[in-house]
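Just below is one structure, and these are the notes that go with it.
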Amino acid sequence: MRDKRGETAGQVVIHAVLLTFALVAILPFVWMFCASFKTYVEVINSRALLPEMWSLDNYVEITGRIGFVRAFQNSGSIAIPATIAIIVTSTAAGYVFAKYQFPGKELIFRLILSTMMVPFTVAIIPLFIAMSDIGLVNTLRGIILTSLCSTFGIFLMRQAIETIPNDYIDAARIDGAGEAWILRQVIVPLAGSAIATLAVFTFLGQWDSYLWPSIMLKSSKNHTIPIVLAGMRSLYSARYNVWAAGSMLTVIPVMLMFSVAQKQFIGGLSMAGLKG
Amino acid sequence: MDMARVGKVVRKPQFRFGLLVLVPILAWYVMLSFRTNVMAVIDYNLLHPEQSAYVGLAHFRTIFEGYKLFWVAGLNTLKYSALINAIMLPLSLALAYCLANVARGRGAYQWALFLPVVVSMAAVALLFRSLMDPDVGIFNRLLTSVGLPRSRWLTGPKSALVSVVLVDTWKAAGVYIVLLAAGLLNIPAQLYDAAKVDGASAFQSFARITLPLLRHTLTLVVVLITIGSLQVYVSALILTEGGPGTATTMISQFVVSEAFTNMRFGLASAASLVLFGVILIITMFQLRLMRTSWEY
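Line by line, the protein sequences give chains A and B. Using our numbering, the letters of the first sequence correspond one by one to residues 35 to 310. Using our numbering, the letters of the second sequence correspond one by one to residues 203 to 498.
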């Protein structure tokens with residue numbers, strides 16, 4: 035039925051296109067990896083991709099001089115609690131919006147969704163003033179407080195929990211289970227993949243976040259990794275080998291996480307796209 | 203009857219649990235997210251906020267009439283948005299088509315194409331500043347080695363905006379490729395087989411089957427690209443600081459620096475509301491446009 039030879043030729047073209055763009059996506063990282071072990075002179079002069087000598091000097095320099103370790107701790111102590119909080123609030127709210135019936139439910143849900151339309155620059159000024167009123171400017175707690183709920187998370191979890199049959203919930207209720215027990219023992223296991231998706235996206239979003247932390251966290255002891263990286267532009271002006279080392283330290287944990295959890299990233303995104 | 207009794211029994215704990223969940227969440231939204239930006243119509247007094255005077259539309263008048271940078275940033279943002287739509291959409295559609303139709307290795311290709319999405323924009327910006335360095339960068343070395351003229355990339359008044367667009371396309375295309383590929387894979391294969399039996403050309407089946415059935419995903423992608431690009435901030439800031447001159451100064455950067463460097467909260471708020479309005483109008487227009495075309 036199908037033209038076998040045309041099919042094969044088509045596959046060759048498809049592989050060629052994909053391979054080209056896959057290389058375009060990856061090669062800059064390979065360059066960065068190699069540059070992070072080079073000397074400055076080598077980065078700007080040498081035509082070879084691989085370094086002549088694999089030296090850790092750049093890494094020693096940044097971890098020693100500009101609180102990179104501190105920044106890692108700061109980024110982690112924002113991203114981890116924020117991710118946990120968003121999973122808890124999104125799952126609980128998603129359950130209530132998916133399975134409860136009460137007057138005004140859709141209105142409240144739509145009000146919450148409408149915040150996704152508002153550009154962050156509109157929210158940022160009143161948010162900053164609110165933080166300054168309660169004395170949380172320049173604190174990591176301030177960032178965490180503004181990251182306790184996620185509209186995208188509530189939307190995603192409602193979508194996922196709506197697909198769970200009511201029978202499971204009713205059966206548990208008839209057996210006398212409390213709502214919190216049902217949420218933990220019935221909903222969470224059945225919505226596991228959506229929760230994993232939400233977790234990886236939230237963690238990444240927090241780990242990579244720049245705009246809001248750069249406004250909130252003024253003193254250098256509170257700086258997160260993206261702020262420290264951006265600061266390297268002036269601190270290590272055009273020293274691309276040092277930049278590369280700093281960037282490597284930042285992207286390695288994220289790339290490992292993505293490689294392990296690729297299914298959660300891609301699957302979750304596809305699901306949200308098809309239903310959204 | 204039975205269900206009604208069950209309903210009565212379960213109503214109470216559900217009611218309490220619902221309140222327990224929703225009240226704190228709504229309180230959080232009211233306190234942090236639903237705050238209306240009233241700064242735009244008052245003259246905010248930093249030291250004595252309660253003494254701030256109402257000034258009506260004065261801030262809007264100031265940015266529209268007295269602020270050249272606002273217009274420059276607005277125009278840059280619109281140009282950036284149009285360019286990135288024009289490049290990102292066909293590129294990600296083509297790659298999604300390849301990804302959806304490749305017989306082997308989809309996972310590996312997807313991994314590679316999605317990799318730039320997950321890393322931090324700050325790191326990506328440093329990386330491309332290095333690669334695009336006009337004197338020692340590898341991009342210019344590659345250009346000269348194939349006999350093409352060198353470019354000023356991020357430091358040229360003309361090339362800077364395009365360079366930022368290229369970096370952002372490289373960084374974000376993975377999201378749209380994955381979304382479009384999922385949409386393509388969602389189209390039943392029988393439709394294409396039937397079209398083939400009826401003697402349809404590849405172009406015909408693309409125009410008559412793929413495009414109409416992909417409409418939902420395409421709309422989502424166009425709206426996401428547009429909303430995201432009109433709010434562009436981090437990439438332009440770290441790649442160029444808005445320069446050279448004002449060649450890549452975007453509205454979001456204008457808002458943030460007016461507010462937090464110059465402490466003019468009123469002007470900044472007015473500018474941010476203008477951005478919000480523009481985003482709303484363009485998105486509504488796109489949604490309308492995409493809905494009325496190929497309806498089945």
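Heads up, the beta-carbon is just placed ideally off N, CA and C, and yes, glycines get one too. Model, not experiment: these values are computed from the prediction.
Exposed unless 16 or more other CB atoms sit within 10 angstroms - verdict on residue i
i: Arg331/B; result: buried
i: Ala116/A; result: buried
i: Pro137/A; result: exposed
i: Val276/A; result: buried
i: Thr123/A; result: buried
i: Asn464/B; result: exposed
i: Glu497/B; result: Annotation note: pLDDT 46 at Glu497/B (below 50); position unreliable, coordinate value reported separately. So Glu497/B counts as exposed.
i: Ala461/B; result: buried
i: Gly98/A; result: exposed
i: Gln406/B; result: exposed
i: Leu259/B; result: exposed
As assigned by DSSP and simplified to three states, the class of residue i
i: Ala116/A; result: helix
i: Tyr269/B; result: coil
i: Met142/A; result: Residue identity differs from the one stated: residue 142/A is Ile in this sequence, not Met. Here Ile142/A sits in helix by DSSP.
i: Asp201/A; result: helix
i: Tyr74/A; result: helix
i: Asp395/B; result: helix
i: Ala242/B; result: helix
i: Tyr256/B; result: strand
i: Thr173/A; result: coil
i: Gln559/B; result: Look at the range of chain B in this structure, 203 to 498, and you will see that residue 559/B is not part of it.
i: Phe217/B; result: helix
i: Ile168/A; result: coil
i: Gly401/B; result: coil
i: Thr450/B; result: coil
i: Tyr498/B; result: Any reading at Tyr498/B needs caution, since the residue's pLDDT is 45, under 50, leaving its predicted position unreliable; the model's value is listed next. If DSSP states are grouped into helix, strand and coil, Tyr498/B belongs with coil.
i: Asn464/B; result: coil
i: Thr123/A; result: helix
i: Ile100/A; result: coil
i: Val457/B; result: helix
i: Met305/A; result: helix
i: His250/B; result: coil
i: Arg81/A; result: coil
i: Ala211/A; result: coil
i: Phe299/A; result: helix
i: Glu86/A; result: coil
i: Met151/A; result: coil
i: Val156/A; result: helix
First and last residue of the uninterrupted alpha helix (DSSP H) at residue i
i: Asp373/B; result: Note that residue 373/B is Lys in the sequence shown here, rather than Asp. Run containing Lys373/B: Ser361 to Leu387, per the alpha helix (DSSP H) assignment.
i: Gly239/A; result: Gly226 to Asp242
i: Trp313/B; result: Arg308 to Val320
i: Leu345/B; result: Ile340 to Ser347
i: Trp277/A; result: Tyr274 to Val294
i: Ile195/A; result: Thr185 to Glu196
i: Phe330/B; result: Met323 to Leu333
i: Ile261/A; result: Ile259 to Leu269
i: Gly249/A; result: A small fix is needed here, since residue 249/A is Ile in this sequence, not Gly. Its alpha helix (DSSP H) spans residues Leu245 to Met250.
Option in the options with minimal Cα separation from residue i
i: Ile163/A; options: Pro226/B, Leu248/B, Phe219/B and Leu415/B; result: Leu248/B
i: Phe316/B; options: Ile484/B, Arg306/B, Leu301/B and Leu329/B; result: Leu301/B
i: Val47/A; options: Ala409/B, Leu382/B, Ile483/B and Leu297/B; result: Leu297/B
i: Lys297/A; options: Ile286/A, Leu232/A, Tyr244/A and Ser254/A; result: Leu232/A
i: Lys360/B; options: Lys281/B, Thr485/B, Ala396/B and Gly479/B; result: Lys281/B
i: Phe299/A; options: Ile389/B, Gln406/B, Val320/B and Pro390/B; result: Val320/B
i: Ser471/B; options: Arg263/B, Ala375/B, Ala449/B and Ala396/B; result: Arg263/B
i: Tyr394/B; options: Ala229/B, Leu415/B and Val243/B; result: Leu415/B
i: Ala225/A; options: Gly212/A, Ala211/A and Gly302/A; result: Gly302/A
i: Glu443/B; options: Ser281/A, Ala278/A, Tyr274/A and Ser268/A; result: Ser268/A
i: Leu234/B; options: Leu52/A, Lys139/A and Ile168/A; result: Ile168/A
i: Ser248/A; options: Leu439/B, Ser353/B, Leu426/B and Thr419/B; result: Leu439/B
i: Arg192/A; options: Val262/A, Phe106/A and Phe131/A; result: Phe131/A
i: Ser89/A; options: Gln219/A, Cys68/A, Leu145/A and Gly101/A; result: Cys68/A
### Query
What residues in the region 39-50 of chain A have a beta carbon less than 8 Å from any beta carbon of chain B?
Gly44, Gln45, Ile48 and His49
### Message
At a CB distance below 7 Å, what residues from the region 180-202 of chain A approach chain B? Give them in sequence order.
### Response
Thr180, Leu182 and Cys183
### Query
Residues in the region 155-175 of chain A with C-beta within 8 Å of chain B's C-beta atoms, listed in sequence order?
Thr155, Val156, Ala157, Ile158, Ile159, Pro160, Leu161, Phe162, Ile163 and Ala164
### Task
With 8 Å as the limit, tell me which residues of the region 277-298 of chain B have their beta carbon closer than that to any beta carbon of chain A; keep them in chain order.
Ala296 and Leu297
#### Entry: Against chain A: residues of the region 383-412 of chain B by CB proximity under 9 Å
Ala383, Ala384, Gly385, Leu387, Asn388, Asp395, Lys398 and Val399
### Query
What are the residues of the region 425-438 of chain B that lie near chain A, defined by any Cβ-Cβ distance shorter than 7 Å?
Gln433, Tyr435 and Val436
### Task
Give, in chain order, every residue of the region 444-465 of chain B whose Cβ lies closer than 8 Å to some Cβ of chain A.
Ile453, Ser454, Val457, Val458, Ala461 and Phe462
### Query
Got a sec: which bits of the region 110-138 of chain A sit with their beta carbon under 8 Å from any beta carbon on chain B, in order along the chain?
Thr123, Ala126, Ala127, Tyr129, Val130, Tyr134 and Phe136
### Task
Output, in sequence order along the chain, the residues in the region 263-281 of chain A whose CB is closer than 8 Å to any CB in chain B.
Leu263, Ala264, Met266, Arg267, Ala272, Tyr274, Trp277, Ala278, Gly280 and Ser281
### Task
Mind checking the region 481-495 of chain B against chain A and listing, in chain order, the residues whose C-beta falls within less than 9 Å of any C-beta there?
Ile481, Leu482 and Thr485
### Residues of the region 52-73 of chain A whose Cβ lies closer than 9 Å to any Cβ of chain B, in chain order
Leu52, Leu53, Phe55, Ala56, Leu57, Val58, Ala59, Ile60, Pro62, Phe63, Trp65, Met66 and Ala69
### Query
When Cβ atoms are compared, which residues of the region 251-278 of chain B fall closer than 9 Å to chain A?
Pro251
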